[in-house]
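A.B. asks: One structure is given below, represented as structure tokens, and several questions about it will come after.
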Amino acid sequence: MKYRIPALGLAALLLTACATQPSPLQGEGYTAVTPRDASNAEMTGQPVRWGGRIVQTMPQSNNTCFEVIATVLDTSARPTWNSDQDDGRFIACRTGFYDPAVFEPNREVTFTGHIDGYDVRKIGGFDYRFPRLAADVVYLWPIRERVDVL
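If you count the sequence shown from 1, position 128 lands on 179 in the working numbering, and the numbers rise without skipping.
What follows is the structure, given as structure tokens:
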């Protein structure tokens, strides 16, 4: 009995340390290429799992497209923001309506799908070649709460 409580505590700690990807984002066979790399090469058809922060959400007549600043994904497939470095930008489109009031700028999102082409759009005065992702999954992450430690 005296070892039971510490053993249960240790088991709980070990289980929480094994953070897994949400089930919609799980899978194998994604191409290890960043949106920045894909914008400089022809990668149409490649399966990818990309994520980052939303720049804008653009509902259209039968789908919604998202402009995203890409970052590295952690082991749970959540975008990381541990530096000012980004992995380029991309456009992800998915059938259906996604509300811009919910999918608002700076929200973290992860997509799975395949690269289905490229769009050239202006960022300021610069013509930027965006890889376009035909998304199978759109996963909006909960807002991270900031905690100040004193």
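Every residue gets a Cβ at the ideal spot worked out from N, C-alpha and C, and that includes glycine.
What does the alpha-carbon distance come out to for the pair ARG172 and TRP132?
C.D. replies: Cα to Cα, the separation comes out at about 25 Å.
A.B. asks: What's the gap between the Cα of GLY147 and the Cα of THR115?
C.D. replies: Taking the straight line from one Cα to the other gives about 6 Å.
A.B. asks: Taking the alpha carbon of ALA152 as the reference point, which residue from ASN91, GLY168, GLU93 and ILE105 has its own alpha carbon closest?
C.D. replies: Answer by Cα proximity: ILE105.
A.B. asks: Give me the residue from PHE181, THR122, PHE154 and ALA128 with the minimum Cα distance to GLN107.
C.D. replies: The shortest Cα separation from GLN107 among PHE181, THR122, PHE154 and ALA128 belongs to PHE154.
A.B. asks: By the three-class DSSP mapping on this structure, what secondary structure does THR108 have?
C.D. replies: Looking at THR108 - three-state DSSP - the assignment turns out to be strand.
A.B. asks: Is it the case that the Cβ atoms of THR122 and PRO98 are separated by a distance below 8 Å?
C.D. replies: In this structure, PRO98 does not lie closer than 8 Å to THR122 by Cβ.
A.B. asks: If I follow the unbroken alpha helix (DSSP H) through ALA89, where does it start and stop?
C.D. replies: Start and end: 86-90.
A.B. asks: Evaluate VAL198 with the Cβ neighbour count: other Cβ atoms within 10 Å of its Cβ, from every protein chain shown; 16 or more gives buried, anything less gives exposed.
C.D. replies: Result: exposed.
A.B. asks: With a CB to CB cut of under 6 Å and the five nearest residues on each side skipped, what residues in its chain are close to GLY176?
C.D. replies: If we look at GLY176 and ignore the five residues flanking it on each side, it has no Cβ neighbours.
A.B. asks: How many Å lie between MET94 and TRP101 at the Cα?
C.D. replies: Their Cα atoms are separated by approximately 14 Å.
A.B. asks: Please classify LEU184: does DSSP put it in a helix, a strand, or coil?
C.D. replies: Residue state, collapsed to three classes: strand.
A.B. asks: Hey, SER127 and GLN77 are a contact pair by Cβ (cut 8 Å); roughly how many whole angstroms apart?
C.D. replies: Actually they do not touch by this definition, with Cβ atoms about 10 Å apart.
A.B. asks: With a threshold of 16 other CB atoms inside 10 Å of the CB of GLU159, please say whether the residue is buried or exposed.
C.D. replies: Looking at its Cβ environment, which holds 16 or more other Cβ atoms inside 10 Å, GLU159 is buried.
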